[in-house]
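Residue numbers are given in our numbering: position 439 of the first sequence equals residue 439, and the series is strictly consecutive. Take a look at the structure set out below.
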Amino acid sequence: MPGPTTSVMWFRRDLRLRDHPALAAAAGADRVVALFVLDDALRRPSGAPRLAFLYQSLRDLDAELRRHGGELVVRRGTPENVVPAVARDAGATSVHISTDFGPYGAARDKRVDAALGEVPLIRTGSAYAVAPGRIVKSDGQPFRVFTPFYRTWSAHGWPAPAESDPARISWRRGISSAGVPQDPKLPPRLILPDAGEQAAYATWHRFRQDGLRHYSDDRNRPDLDNTSRMSVYLKYGAIHPRTLLADLGKQDETFRRELAWREFYAAVLHFWPDSARDYFVPSMRRMPYATGKIADAHFAAWTAGRTGYPIVDAGMRQLLAEGWMHNRVRMIVASFLVKDLHLEWTRGARHFMRHLVDADLASNQHGWQWTAGTGTDAAPYFRVFNPISQGKKFDPDGNYVRRYVPELRGLPGAAAHEPWQGPAGVPADYVERIVDHAAERTRSLANYRRLRGRPSNGHATDR
DNA sequence: TTTTGAGTTGTTCGA
DNA sequence: GTCGAACAACTCAAA
């Protein structure tokens with residue numbers, strides 16, 4: 001008679017116990033080991049706020065597991081070494097994961113699969129309602145444009161939330177664990193959102209009651225902040241998008257589209273893994289960018305929130321203060337970096353990846369490429385955000401900029417968006433504008449026009 | 001097979 | 001003050 005079977009549930013970006021297909025699959029064994037690997041390759045490029053949020057999510061997962069008689073095994077090291085070692089320690093006959101479609105994760109899982117030898121690595125489910133790669137055009141080619149993707153994705157549909165009841169799983173304890181590390185030192189006064197599955201559901205239910213109704217109208221208002229705040233939870237899989245989709249009605253189209261954008265960009269990254277680094281539209285590589293000392297000084301001013309443009313500075317300071325930035329403002333600061341400062345989008349994307357708690361490679365890189373006009377659904381080159389009119393339009397009373405840029409607190413209402421216009425001029429402790437928007441816009445348009453007009457793209461137009 | 005129209009997120013200019 | 005046009009080029013699907 002063989003003894004009880006054991007499986008390893010290797011958690012990664014799926015730090016939850018409910019609606020978890022891979023966990024349900026792992027529970028096919030008699031006992032389940034819960035494992036998380038602190039992978040140095042992923043730890044290094046993460047900023048302190050994101051690491052702290054990850055650690056808090058892990059502590060929450062561990063606490064939940066303990067409530068059900070289990071515990072989380074945390075090990076530091078290289079996954080292809082650690083996962084087989086834990087499987088050996090536990091005498092496991094299978095290792096279960098949610099499929100990772102990112103370029104790093106997919107390659108890592110392949111290595112782990114090979115290192116496991118006889119023990120199968122079983123992939124069930126993913127972080128998406130529809131797995132990247134599943135949705136293609138009728139000719140079999142991947143979509144490059146959102147709207148047709150969205151139509152096909154909507155028609156394709158997705159499964160209802162899965163059953164995975166942690167109370168009915170027999171958890172295996174006693175495998176040696178390094179424990180969750182101490183939180184890294186955080187910037188003073190930084191307040192992270194509550195981590196973990198319960199916090200994700202609580203945040204979601206609050207948004208469903210209070211915010212969802214006004215989402216379509218107010219989501220672009222950074223002063224009102226009527227966004228779902230689900231991005232950090234989706235990032236670490238504290239909640240699954242299909243859980244959110246199941247709660248949406250016909251009238252919640254705008255929010256459903258936002259979830260679809262996340263799926264679209266994951267699919268694009270899946271089909272074009274190089275697009276995390278490289279230009280989706282290759283001809284755009286020739287765009288001239290500013291380099292050298294002034295460019296570096298401009299970049300430093302941008303990161304510090306000292307460009308002299310209030311909405312840009314407010315956003316960049318919010319990023320440093322909270323590890324989060326309102327989506328509308330992300331677009332404004334991105335446009336400013338690329339089209340006013342003429343810096344390459346990759347620099348901005350790296351800064352965002354480091355500082356955002358919700359940083360998601362696919363959404364971040366492709367959002368930046370969209371702004372830079374180098375990606376899918378590329379913004380027409382002439383679409384240059386005006387930081388002043390954007391500020392007045394989406395922060396009409398100036399409340400957002402005054403919250404993050406205290407130097408502007410003496411300026412009433414929308415006047416905070418144009419401190420240089422006030423009777424007293426720019427406040428002494430605030431900065432003068434580092435560039436002139438109108439002039440840089442003109443330069444940007446000329447650059448794009450020249451690049452588009454090159455004969456190499458087969459559509460030469462001399463002007 | 002070819003044509004046609006529409007497409008996340010904008011701004012400016014001139015009537 | 002409001003409104004439409006112009007600012008390109010390319011993808012995709014329906015006709």
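Every residue gets a Cβ at the ideal spot worked out from N, C-alpha and C, and that includes glycine.
Secondary-structure assignment with DSSP links S7 through a beta bridge to V32 and S94. Around H342, the same chain offers P288, Y289, A290, A295, E440, R443, S444 and N447 as residues with beta carbons nearer than 8 Å, after the five sequence neighbours per side are excluded. Under the three-state reduction of DSSP, S231 is assigned to helix. The beta carbon of Y430 sits closer than 8 Å to those of G308, V405, E407, L408 and P419, all from its chain and outside the five residues before and after it, given in chain order.
For I122, the enclosing beta strand (DSSP E) stretches over residues L121 to S126. Partner residues in the beta bridge of T99, as assigned by DSSP, are S126. With respect to the 9 Å criterion, A90 and D14 are not classified as neighbours on the basis of their beta carbons. Of the residues assessed, A424 falls on the exposed side of the cut-off, its CB having fewer than 16 other CB atoms within 10 angstroms.
Counting the other Cβ atoms within 10 Å of the Cβ of F382 gives fewer than 16, which makes it exposed. Of the residues assessed, I191 falls on the exposed side of the cut-off, its CB having fewer than 16 other CB atoms within 10 angstroms. Straight through space, the alpha carbons of R256 and R450 are spaced by roughly 38 Å. Within the segment 335-384, the runs of alpha helix (DSSP H) at least 4 residues long that lie entirely inside it are, in chain order, 345-355 and 361-372.
About 7 Å separates the beta carbons of V8 and H96, which is inside the 8 Å limit, making them a contact pair. Taking 9 Å as the cut-off, the Cβ atoms of A372 and A314 do not count as close. When C-alpha distances from K393 are compared across G292, D252 and R221, the shortest belongs to R221. Here V281 really is in contact with G375; their C-beta atoms are around 7 Å apart, less than 8 Å. Per DSSP, the unbroken beta strand (DSSP E) holding L72 starts and ends at L72 to R76. Per DSSP, the unbroken alpha helix (DSSP H) holding G315 starts and ends at P310 to E322.
Around the beta carbon of E163, fewer than 16 other beta carbons lie within 10 angstroms, which makes this residue exposed. With a cutoff of 9 Å on beta-carbon distance, V401 and G410 are scored as not near each other. In this structure F264 touches F146 by the C-beta definition: roughly 5 Å separates them, less than 8 Å. With fewer than 16 other beta carbons inside 10 angstroms of its own, H205 counts as exposed. Straight-line spacing of the CA atoms in H270 and A114 works out to 21 Å.
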